[in-house]
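J.: Input: one structure, supplied below.
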Amino acid sequence: SSSRFYTYDITKPIITNITYGSVTSSGATITWTTDELANSTVYYGTTTATISTSGSASLTNSSSITLSSLSSSTLYYYNVSSCDAAGNCNTSSQYNFTTSAADSGSSGGGGGTPSVTYDEQTVGTLAAGSTKAIAFTKSATLAVTEITVTVKNKVTNAKIKVDAGSLPSGASVPSSAKGSVYKYITITKTAMTDDDVSKGIIKFKVKKEWLTDKGYGKDTVALHRYYTNKWTKLTTTRDSEDTTDYYYSAESPGFSTFAITAEEAPAVITPPAEEVPEEEAPEEVPEEVPGEELEEMPEEPEEETKSNTTLIVALIAVVIVLAVVGYFVWKKKKY
701 SSSRFYTYDI TKPIITNITY GSVTSSGATI TWTTDELANS TVYYGTTTAT ISTSGSASLT
761 NSSSITLSSL SSSTLYYYNV SSCDAAGNCN TSSQYNFTTS AADSGSSGGG GGTPSVTYDE
821 QTVGTLAAGS TKAIAFTKSA TLAVTEITVT VKNKVTNAKI KVDAGSLPSG ASVPSSAKGS
881 VYKYITITKT AMTDDDVSKG IIKFKVKKEW LTDKGYGKDT VALHRYYTNK WTKLTTTRDS
941 EDTTDYYYSA ESPGFSTFAI TAEEAPAVIT PPAEEVPEEE APEEVPEEVP GEELEEMPEE
1001 PEEETKSNTT LIVALIAVVI VLAVVGYFVW KKKKY
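The numbering of the sequence shown is our numbering, which starts it at 701 and goes up by one.
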């Protein structure tokens, strides 16, 4: 008799190096590698519950799937799946990217140069835990002046791209923004996943003229991030200013679509000034003028005084005479 031995493959392919690139307003390319030959499938959609698929039945160690017919300036979620020849399948965790804004050319009959819609800069190779600041040169249109990225894992040939964004499809204006949106911007990355990024600091500028025209306060400017179908207001700091712009910075845990907003400054209530009673002016006392004599009251004429005295004496004499006469008359009648 003879013995037969069968080997069954029950090991799932190991998926690594998942990334996206070649992002446009309507498409993107998702790439990854596997430790054995396997097919390739991408599940994607505008919500965390993915609804679309794209893939290839070819068995390969290096998968590359191009997504098309996407909406511009829209956040897409995706994960990848690979199955080997034995039917063992493995599926990755979920990632995301944001498509670019639709290209906007100049209008009118004479042609012209299309307006700036994006600015892509090279990050290069970063060791795990390192930080790098990347300057952006098209801030006059895109508002972003610099992005500082800190990575948790080593990245190679990484890039960061800033696009002129728009309100994401199906999203509302940030409810935390009580004023107006200055600009929407979309920040994407190449050869760098969300899991690789520890944090990013986004520096941007806002025209003073826009704030003045709107009647908005310079310290009300804020950066909002759109992620997982909701807006989050980021802590924003005003750093400096020049003759035309105010400069700000905000820390974000990742990159996606952002909105720069501002609103009216809160009214400043000034308490009424406490009334201070007026001091009464001291009564003026006329100063004595040296050498000046007060005018003497005129004396009454001496003759008038003598006349009054004579009259009184005469009256007294009359009274005495009458008294004497009366006495003798009374005495005579008695005797």
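Note that beta-carbon positions come from the ideal geometry of N, C-alpha and C, so glycine has one too.
Does TYR1027 pass the burial test, meaning 16 or more other C-beta atoms within 10 Å, or should it be called exposed?
T.: exposed
J.: Rounded to a whole number of angstroms, what is the C-alpha to C-alpha distance between ASP894 and THR724?
T.: Answer to the nearest angstrom: the Cα atoms are 19 Å apart.
J.: Looking at the strands, I want to know which residues DSSP matches up with ILE1012.
T.: In the DSSP output, where bridge partners are listed per residue, ILE1012 has none listed.
J.: Flag this pair as yes or no: are the beta carbons of ALA864 and THR841 separated by less than 8 Å?
T.: yes
J.: Would you check if the region 901-909 and the region 944-958 touch, i.e. whether three or more CB-CB distances between them fall below 8 Å?
T.: Segments in contact, yes.
J.: Suppose you measure from the CA of ASN717 to the CA of GLU963; what does that come to, to the nearest Å?
T.: In a straight line, the C-alpha of ASN717 is about 43 Å away from that of GLU963.
J.: Which residue marks the beginning of the alpha helix (DSSP H) containing GLU736, and which one marks its end?
T.: Here GLU736 belongs to no alpha helix (DSSP H); instead the beta strand (DSSP E) covers 728-745.
J.: Whose C-alpha, out of LEU770, THR766, SER773, TYR743, is nearest the C-alpha of SER781?
T.: TYR743
J.: According to DSSP, simplified to helix, strand and coil, what is LYS907?
T.: strand
J.: Enumerate in chain order the residues of its own chain whose CB-to-CB distance from GLY917 is below 8 Å, with the five nearest sequence positions on each side excluded.
T.: Cβ within range, chain order: LEU911, ALA962, GLU963, GLU964, ALA965, PRO966.
J.: So, is VAL1013 buried or exposed, given that buried needs 16 or more other C-beta atoms within 10 angstroms?
T.: exposed
J.: Cutting at 7 Å between CB atoms, please list the residues of its own chain near ALA801, excluding the five before and the five after it.
T.: SER725, SER772, SER773, THR817, ASP863, ALA864, GLY865, SER866, THR886
J.: Along the alpha helix (DSSP H) that carries LEU842, what are the first and last residues, could you check?
T.: 839-842
J.: Check whether the region 758-773 and the region 730-739 are in contact - that is, three or more C-beta pairs closer than 8 Å.
T.: yes
J.: Just list the residues that DSSP pairs TRP931 with in beta bridges.
T.: TYR926
J.: For a test of the three-state rule: what should DSSP assign to ALA950, helix, strand or coil?
T.: strand
J.: Here's the rule I'm using: 16 or more other beta-carbon atoms within 10 Å means buried, otherwise exposed. How should ASP942 be labelled?
T.: exposed
J.: Taking only the alpha-carbon atoms, compute the straight-line gap between SER804 and THR746 and give it to the nearest angstrom.
T.: Any answer about SER804 is weak, because its pLDDT of 47 lies below 50 and its placement is not dependable; what the coordinates show is given next. Rounded to whole angstroms, SER804 to THR746 spans 23 Å at the Cα level.
J.: From THR753, ASP896, ASP709, pick the residue whose C-alpha is nearest to that of CYS789; which is it?
T.: ASP709
J.: Beta carbon of THR937, beta carbon of THR748: below 8 Å?
T.: no
J.: Unbroken beta strand (DSSP E) runs of length 3 or more, entirely within the region 742-795: which are they?
T.: 752-767, 775-783, 789-791
J.: Start and end of the beta strand (DSSP E) containing ASN857?
T.: 855-864
J.: Cβ of ARG925 within 8 Å of Cβ of THR932?
T.: yes
J.: Would TYR884 and THR822 qualify as a contact pair, given that the criterion is a beta-carbon distance under 8 Å?
T.: no
J.: Can you give the Cα-Cα distance for PRO713 and ALA891, rounded to whole angstroms?
T.: A direct Cα-to-Cα measurement between PRO713 and ALA891 gives close to 21 Å.
J.: Return yes when the Cβ of THR741 is within less than 8 Å of the Cβ of THR760, no when it is not.
T.: no
J.: Per DSSP, which residues does ILE847 bridge with? Please list them.
T.: ILE834, ILE902
J.: With DSSP as the reference, label VAL1021 as helix, strand or coil.
T.: helix
J.: Rounded to the nearest angstrom, what separates LYS907 and ALA959 at their Cα positions?
T.: 15 Å
J.: For a test of the three-state rule: what should DSSP assign to TYR916, helix, strand or coil?
T.: Correct three-state label for TYR916: coil.
J.: At which residues does the beta strand (DSSP E) containing LEU867 begin and terminate?
T.: It is not in any beta strand (DSSP E) - LEU867 carries neither H nor E in the DSSP assignment.
J.: Consult DSSP for PHE1028 and reduce its assignment to one of helix, strand or coil.
T.: helix
J.: How big is the Cα-Cα spacing for GLY792 and GLU736?
T.: Note that residue 792 is Ser in the sequence shown here, rather than Gly. Distance between the alpha carbons of SER792 and GLU736: 16 Å.
J.: GLY755 and ASN739: beta carbons closer than 8 Å?
T.: yes
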